[in-house]
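All the letters of the sequence shown, read from the start, carry residue numbers 37 to 204 under our numbering.
First comes the structure, then the notes that go with it.
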Amino acid sequence: MAGFLDARPRVGYFYSGKTANQLLKEHIYTLLVKDYQSRPVVVQENSSVYDAICTMFLEDVGTLIVSDKHSYLSGIISRKDLLKAAMGNQDLQAIPVSVVMTRMPNIVTCEADDPLYQAAYMMIRHQIDALPVVRQVDQENMRYEILGRITKTTITKAFVELGENNSV
Ligand code: ADP
């Protein structure tokens with residue numbers, strides 16, 4: 037009975053006392069980042085702003101993740117970061133993305149085993165559209181392997197799935 041009823045041996049079925057809201061909340065917390073993350077779209081920090089704009093169009097994404105030469109997380113670039121760079125009369129092929137990106141350690145990230153709800157909460161709290169999914173490989177030097185990407189679209193898809201799922 038979708039959590040409204042519980043069962044105990046020799047007692048039988050009884051009302052669990054949980055409201056529909058509590059049950060929905062419990063269910064939402066079972067959705068994990070690793071089951072929803074999409075492939076990260078990554079550019080190297082020495083790529084030009086021009087190439088980053090091309091990648092954004094070709095890959096049809098709104099946020100690019102930037103990696104250092106060891107492929108670890110280095111920064112993140114949004115559409116507006118690129119627009120800002122394009123507003124000055126500069127040669128976009130000559131500016132590296134490292135100049136316009138938001139860089140470590142100021143990147144908000146999530147991990148594969150985090151609840152998807154937590155990723156959504158962080159995006160709202162920090163007013164950003166995407167989080168890199170990472171795995172810390174070196175705490176001292178803040179090195180993070182880039183595993184995936186959670187965006188507001190990911191959350192919208194999960195929300196639609198919840199609406200279609202009769203077992204919630
Ligand atoms: P846009 O700027 O296109 O509206 P965002 O709201 O995602 O897109 O980005 C706002 C600012 O926050 C940008 O300067 C961007 O570099 C930065 N940003 C985006 N994602 C993150 C993140 N996960 N962690 C830290 N900063 C971020």
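Don't be surprised by glycine CBs; every beta carbon is placed ideally from N, CA and C.
Practice task
May I ask you to report which of helix, strand or coil DSSP gives R46?
Solution key: In the structure shown, R46 sits in coil (DSSP, three-state: anything other than H, G, I, E or B).
Exercise for the section: Report buried or exposed for V169, applying the criterion of at least 16 other Cβ atoms within 10 angstroms of its Cβ. Expected result: buried
Practice task
Might you give, ordered along the chain, the residues of its own chain that have their beta carbon closer than 8 Å to the beta carbon of S52, omitting 5 neighbours on each side?
Solution key: Closer than 8 Å at the Cβ level, and outside the excluded window around S52, lie G39, F40, L41 and D42.
Practice task
Identify, in the order they occur along the chain, each residue of the same chain with its Cβ nearer than 6 Å to the Cβ of I191, setting aside the five sequence neighbours on each side.
Solution key: A156
Handout entry: Top-ranked residue by Cα proximity to R185, from I64, Y65, P45 and I164
Key = I164
Handout entry: Touching by the beta-carbon criterion (3+ pairs, under 8 Å), the region 52 to 61 and the region 102 to 118
Key = no
Exercise for the section: Assign S134 to one of three DSSP states: helix, strand, or coil. Expected result: DSSP places S134 in helix when its eight states are reduced to three.
Problem - From L67, L100, L167 and G124, residue whose alpha carbon lies closest to that of E81 - result: Of L67, L100, L167 and G124, the residue nearest in Cα terms is L100.
Problem - Per-residue DSSP class, three states only, for T145 - result: coil
Practice task
Could I get the ranges of all uninterrupted beta strand (DSSP E) runs contained in the region 167 to 203, with 3 residues as the minimum, in chain order?
Solution key: Entirely contained in the region 167 to 203, the beta strand (DSSP E) runs reaching 3 residues are, in chain order, 179 to 187.
Handout entry: Start-to-end residues for the beta strand (DSSP E) that takes in L79
Key = Residue identity differs from the one stated: residue 79 is Val in this sequence, not Leu. V78 to Q80 is the extent of the beta strand (DSSP E) around V79.
Handout entry: Spatially closest choice to H106 from L68, E95 and V173, by CA coordinates
Key = Taking only the C-alpha atoms, the option nearest H106 is V173.
Exercise for the section: Give the range of the beta strand (DSSP E) segment to which T91 is assigned. Expected result: It is not in any beta strand (DSSP E) - T91 instead sits in the alpha helix (DSSP H) that spans V85 to E95.
Handout entry: Inter-stretch contact at 8 Å, needing at least 3 Cβ pairs: the region 114 to 131 / the region 64 to 80
Key = They do not touch, by the three-pair rule.
Handout entry: Residues of its chain near S83, where Cβ-Cβ distance is below 6 Å and the 5 sequence neighbours each way are ignored
Key = Excluding sequence neighbours, S83 sits near V133.
Problem - Delimiting residues of the beta strand (DSSP E) encompassing L109 - result: Counting along the chain, the beta strand (DSSP E) containing L109 begins and ends at L109 to S114.
Exercise for the section: Specify the secondary structure class of R139 as computed by DSSP and reduced to three states. Expected result: strand
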